Amino acid sequence: MYDLREIQRRVRAGEYLITAAAQRGVAALALDEGDVVACVLELRDSDFFKSMESELMPGLWQDVYRPVYQSTPLYVKLQIRADAGAVVISFKRRWHPWKARCWIRLSAGFAGARRGSYRKCEKSRSASAVQSSRMSSFAVSSAVKSYMLPG
5 MYDLREIQRR VRAGEYLITA AAQRGVAALA LDEGDVVACV LELRDSDFFK
55 SMESELMPGL WQDVYRPVYQ STPLYVKLQI RADAGAVVIS FKRRWHPWKA
105 RCWIRLSAGF AGARRGSYRK CEKSRSASAV QSSRMSSFAV SSAVKSYMLP
155 G
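In the numbering used here, each number is its position in the sequence shown, counted from 1, plus 4.
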């Protein structure tokens with residue numbers, strides 16, 4: 005486990021690197037580098053989740069934090085490397101499978117449903133179970149689409 009204060013000191017001093025994978029995650033969240041810096045500087049010890057060995061570089065460890073930044077639960081993976089300072093390995097939305105919900109797309113044939121409208125359902129159930137138990141009176145489109153949303 006790395007010292008969080010040391011990671012934050014290096015980020016504050018501009019001694020950091022954001023990997024391409026982390027940059028893709030940042031872009032997917034419509035955030036920018038300033039948000040990554042702000043998030044890392046706001047990390048608390050209580051946000052720490054685990055340390056894990058690097059998949060690409062065995063022997064190198066990474067610390068995983070699960071903070072909430074701008075009301076979005078995140079998964080942030082950090083490490084310190086002598087050649088790069090603090091490294092943001094991963095920066096993406098953290099999903100809660102046990103709290104997640106899905107949305108079932110309703111066909112326009114359902115009375116009162118607009119084309120492309122959605123109905124909330126429990127993600128833990130299969131689409132067919134949801135269709136038969138909770139939405140039997142609804143005309144669920146043949147191409148049922150579910151979208152994960154944070155709980």
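Where a beta carbon is used, it is the ideal one built from N, C-alpha and C, also for glycine. Please read all numbers here as calculations on a predicted model, not as lab measurements.
Quiz item: Taking buried to mean at least 16 other C-beta atoms within 10 Å of its own C-beta, is residue 90 buried or exposed?
Solution: The residue is buried, with at least 16 neighbouring Cβ atoms inside 10 Å.
Quiz prompt | Three CB pairs or more closer than 8 Å across the region 9-22 and the region 74-81 | solution = Contact between the region 9-22 and the region 74-81 is absent, because fewer than three Cβ pairs lie under 8 Å.
Quiz prompt | Residue burial classification, residue 67 (beta-carbon count within 10 angstroms, cutoff 16) | solution = With 16 or more other Cβ atoms within 10 Å, it is buried.
Quiz item: What's the call for residue 29, buried or exposed, on a 16-neighbour Cβ count within 10 Å?
Solution: Buried.
Practice problem: Name the one or two DSSP bridge partners that residue 56 has. | Solution: Under DSSP, the beta-bridge partners assigned to residue 56 are 66.
Quiz item: Closest to residue 97 by CA distance: which of 33, 46, 62 is it?
Solution: That would be 33, whose Cα lies nearest to the Cα of residue 97.
Exercise. Please report how far the alpha carbon of residue 71 lies from the alpha carbon of residue 47, in whole angstroms.
Key: Approximately 7 Å, taken between the alpha carbons.
Quiz item: Cβ of residue 42 within 9 Å of Cβ of residue 73?
Solution: In this structure, residue 73 lies closer than 9 Å to residue 42 by Cβ.
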